[in-house]
Amino acid sequence: MKVRVGRRKLLEPTLTELPHGPHGLARELVTGSQRQRLLYAVTVVVADRGYLTATIADIAAAAKVSRRTFYQHFPDKEACFLAAAETGRDLMIDHLERVMREVFAEPVEPLEALRLGIHEYLTLLRDEPSFARSFYLETAPAGARAIESFERCQHWFAGFIRSWRAGAGPVDPPVPDDAYLAVTDATNEAVRRTLRAGGDLLELEDIVLYIHRTLLGLGAPTD
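Residue numbering for the sequence shown is 1 to 223, as defined by our numbering.
Written out as structure tokens, the structure reads:
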């Protein structure tokens, strides 16, 4: 089964820069474009330089806006990073939800649906290196609020996995609630380790599937 759900790159601005001089564009379009470019810029700059090293001047320059314009949108670097993280993760979740709706639109075995979901997730992160590095490697340096934001996303993943497990059939003893977060924690650590090493995230597909099967009471494949 192949999944065909197109998407734009996460956080990619619709306008990379505004025309010079009088342009007659609506104010909402101008400010919206500036915000989009700042969210994209903080993602790229933090991925390249690290959160602690990245500066507001770096972000503004990458977004092709002035520092004054930056402060019209965000009070500080943390606020800009948090907005980019939450917007990017919302877009990622929206895409994965659309993918899984397509997967379940046809008869499919639970494990095959899980495999397809894992493949799409890893493919998205592989195709979004700046997003992946910024928000999987730089969340901890960004501080407590960034960590809380990331954990909210992990609770969404845990809830999705819980729903999938319920549809895969009963298990005795029941899977503890904390096991679903343990699955996301183990998966994320594998992703982080691969990102740090510069490896191919798609090579994690088998191990991530193994993590899900083992922790959720499905056992490892015997063939």
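From the three backbone atoms N, C-alpha and C, an ideal C-beta is built for every residue, glycine too.
Through-space distance from residue j to residue i, alpha-carbon basis
i	j	result
I59	V175	44 Å
D178	W156	13 Å
V183	D76	34 Å
Y121	L96	7 Å
G217	A57	50 Å
R152	A197	26 Å
E125	D48	The amino acid at residue 125 is misidentified as Glu; the sequence shows Leu. One C-alpha to the other measures close to 16 Å.
S130	V44	5 Å
P22	S33	In this predicted model, P22 has a pLDDT of only 49, less than 50, meaning its place in the structure is not dependable enough to derive any value.
A164	Q154	What sits at residue 164 in the sequence shown is Trp, not Ala. Their backbone Cα atoms lie some 15 Å apart in a straight line.
R213	R67	49 Å
Coil, strand or helix - residue i by DSSP
i	result
E128	coil
L39	helix
V191	helix
T123	helix
K77	helix
L52	coil
Cβ distance (whole Å) where residue i is taken to contact residue j below 8 Å
i	j	result
L10	G88	5 Å
E78	R145	7 Å
H73	R35	5 Å
V65	R37	7 Å
Is the region 195 to 209 touching the region 110 to 125, taking contact as three or more C-beta pairs under 8 Å? Of all C-beta pairs linking the region 195 to 209 to the region 110 to 125, three or more are shorter than 8 Å, placing the two stretches in contact.
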